[in-house]
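Asker: Dropping the structure in here first, questions after.
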Amino acid sequence: ELMATKEVNTADVKPGTIFKLRVNRPVSIDGVVVIPIGAWVFGEVLAARGSRGLGRSGTLKAKLNYLELGETKIAVTGDVSTKGAAVTSTVILVALAGWPGFFNRGNDAKIKAGDMVSALIGEDVAFDVSGSVVTRAAP
Numbered sequence: 002e003l004m005a006t007k008e009v010n011t012a013d014v015k016p017g018t019i020f021k022l023r024v025n026r027p028v029s030i031d032g033v034v035v036i037p038i039g040a041w042v043f044g045e046v047l048a049a050r051g052s053r054g055l056g057r058s059g060t061l062k063a064k065l066n067y068l069e070l071g072e073t074k075i076a077v078t079g080d081v082s083t084k085g086a087a088v089t090s091t092v093i094l095v096a097l098a099g100w101p102g103f104f105n106r107g108n109d110a111k112i113k114a115g116d117m118v119s120a121l122i123g124e125d126v127a128f129d130v131s132g133s134v135v136t137r138a139a140p
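The numbering of the sequence shown is this note's numbering, which starts it at 2 and goes up by one.
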């Protein structure tokens with residue numbers, strides 16, 4: 002379980018923007034914590050479209066890339082996709098007020114600070130539970 006500590010908002014990001022999420026629950030093997038609370042998982046924005054006129058909402062798509070444990074980077078898999086809320090009153094505004102209603106914008110898409118995201122380890126790794134050493138598993 003991961004938690005966003007800072008908002009990722011389509012008003013502020015573009016494709017390629019790197020963001021990070023914090024491990025919110027420790028991962029243990031045989032009672033030994035191998036991924037502690039506070040470890041960072043890094044993700045990348047794949048697509049970001051801000052809100053537009055006529056009340057259309059923004060969209061955000063991102064993928065999770067890796068978990069950082071000390072100097073070791075471990076591949077993770079996970080996707081995040083979100084959409085801002087559309088503003089349906091825009092249709093009424095256009096009908097009643099005419100062209101000024103075209104400037105009414107929808108809401109930006111965002112991953113809010115505090116939102117929870119799930120991820121999986123994306124590669125075979127071995128943890129030495131005696132010293133929490135991370136090594137790549139043999140192919």
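All residues carry an ideal CB built from backbone N, CA and C; glycine is no exception.
Only counting the same chain, and skipping five residues up and downstream in sequence, which positions put a Cβ closer than 7 Å to that of I122?
Answerer: Hits under 7 Å: I75, V77.
Asker: In chain order, what residues of the same chain have a beta carbon less than 8 Å from the beta carbon of A40, not counting five sequence neighbours either side?
Answerer: Once the five neighbours on either side are set aside, the close Cβ partners of A40 are R23, V24, L68, E69, L70.
Asker: Exposed or buried, what is K111 when buried is set at 16 or more other beta-carbons lying within 10 Å of its beta-carbon?
Answerer: K111 is buried by the Cβ-count criterion.
Asker: DSSP state of D109, grouped into three classes?
Answerer: Three-state result, D109: coil.
Asker: Starting from the N-terminal side, write out each stretch of the beta strand (DSSP E) that is 3 residues or longer and does not extend beyond the region 20 to 50.
Answerer: Here the runs fully enclosed are 28 to 30, 33 to 36, 41 to 50.
Asker: Buried or exposed: where does T73 fall if 16 or more other Cβ atoms within 10 Å of its Cβ makes it buried?
Answerer: Classification of T73: exposed, given that the 10 Å Cβ count is below 16.
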